[in-house]
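Read through the structure below, which is laid out as structure tokens, and then see the notes.
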Amino acid sequence: MTRKYAKYITRAKKLGALEAKIISPKTIVAAEWVRMKCQFGCSGYGQSLTCPPYSPKPEETRRMLSSYKYAILVHGSAYTNIHALIPELEQEIFLDGYFKAFGMGAGPCQLCAKCAKFCRHPEKTRPSMEGCGIDVYSTARANGYPIKVLKDGDRKGNYYGIVLIE
Ligand code: SF4
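Be aware that the sequence shown starts at 441, since it is given in our numbering, and climbs by one per residue.
Okay, here's the thing in structure tokens:
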């Protein structure tokens, strides 16, 4: 069944991912504490239209996830432009007829120096997984991918994005 999505794994790698896999959205964890970490302790809070308080709350994300059966989880390094990769992959999946395709990336959008009232480049940006209340640690680990808390000066991070397919 998931073989028909194999080309998206190849495409994600061509766009700069280390690897990618087709997963069940049931393995994506959305938790209230993630929102708290955005609101208290992140300097990006309220700075981008793709971040809280503008992005979906964990409960909304959980409800949205329940309407999908398949997703592609994309694993990148510090050198992978997840922010650019995810909207492009989402668009390709959408144009293949998967009309529900929707992506989420990593980190705040930094395409503009400052956000406008309405997004200037809606086709080029998506909310981050964590900004939508997704526990990226638990989600990556549940799918066999590595992730750890980064300490000062440690640049070998693992970064993730996702496109919900159908
Ligand atoms: S594209 Fe520009 S306006 Fe839109 S979310 Fe990103 S920084 Fe803000």
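In this text, a Cβ means the ideal position worked out from N, Cα and C, and glycines have one as well.
All figures in this text were calculated on a predicted structure; none of them were measured in a lab.
Practice task
Please report the Cβ distance between E612 and K540, rounded to the nearest whole angstrom; I am assuming they are in contact, meaning their Cβ atoms lie under 8 Å.
Solution key: With the chain covering only 441 through 606, there is no way to say anything about residue 612.
Problem - Which listed residue (E532, R502, A546) has its alpha carbon closest to that of R451 - result: As a working note, residue 451 is residue 11 in the sequence shown. Looking at the Cα atoms, E532 is the closest of the given residues.
Problem - Backbone CA spacing between H523 and K444 [nearest angstrom] - result: In the sequence shown, the residue the question calls residue 523 occupies position 83. In the sequence shown, the residue the question calls residue 444 occupies position 4. Computed Cα separation, rounded: 25 Å.
Exercise for the section: Consult DSSP for F534 and reduce its assignment to one of helix, strand or coil. Expected result: Here the question's residue 534 lines up with position 94 in the sequence shown. Three-state result, F534: helix.
Exercise for the section: Indicate whether A457 and G545 have their beta-carbon atoms separated by less than 7 Å. Expected result: If you number the sequence shown from 1, residue 457 lands on position 17. If you number the sequence shown from 1, residue 545 lands on position 105. For A457 and G545, no; Cβs fall outside 7 Å.
Exercise for the section: Indicate whether the contact test is met: 3 or more Cβ pairs, each with one atom in the region 487–505 and one in the region 553–572, closer than 8 Å. Expected result: yes
Handout entry: Which listed residue (Y448, K461, K447, A518) has its alpha carbon closest to that of G584
Key = Position 144 of the sequence shown, counted from the start, is the residue given in the question as residue 584. Nearest of Y448, K461, K447, A518 to G584, Cα basis: K461.
Problem - Own chain, CB closer than 6 Å to F534, minus 5 neighbours either side, in chain order - result: For this step, residue 534 is matched to residue 94 along the sequence shown. Once the five neighbours on either side are set aside, the close Cβ partners of F534 are A541.
Handout entry: Separation of Y485 from P586, as counted between CA atoms
Key = Position 146 of the sequence shown, counted from the start, is the residue given in the question as residue 586. Position 45 of the sequence shown, counted from the start, is the residue given in the question as residue 485. If you take the alpha carbons of P586 and Y485, they lie about 26 Å apart.
Exercise for the section: Report the residue from A556, A580, I574 whose alpha carbon sits nearest the alpha carbon of S488. Expected result: For the purposes of this step, residue 488 is taken as residue 48 along the sequence shown, with counting starting at 1. Among A556, A580, I574, the Cα nearest to that of S488 is on A556.
Handout entry: Whole-angstrom distance between C559 and S464, CA atom to CA atom
Key = Locating residue 464 in the sequence shown gives position 24, where the first residue counts as 1. Locating residue 559 in the sequence shown gives position 119, where the first residue counts as 1. Cα to Cα, the separation comes out at about 30 Å.
Exercise for the section: Tell me, please, which residues DSSP counts as bridged to A580. Expected result: Here residue 580 refers to the residue found at position 140 of the sequence shown. Answer by DSSP bridge pairing: none, since A580 is not bridged.
Handout entry: Coarse secondary structure for V474, derived from DSSP in three states
Key = Stepping through the sequence shown from its first residue, residue 474 is reached at position 34. Helix at V474.
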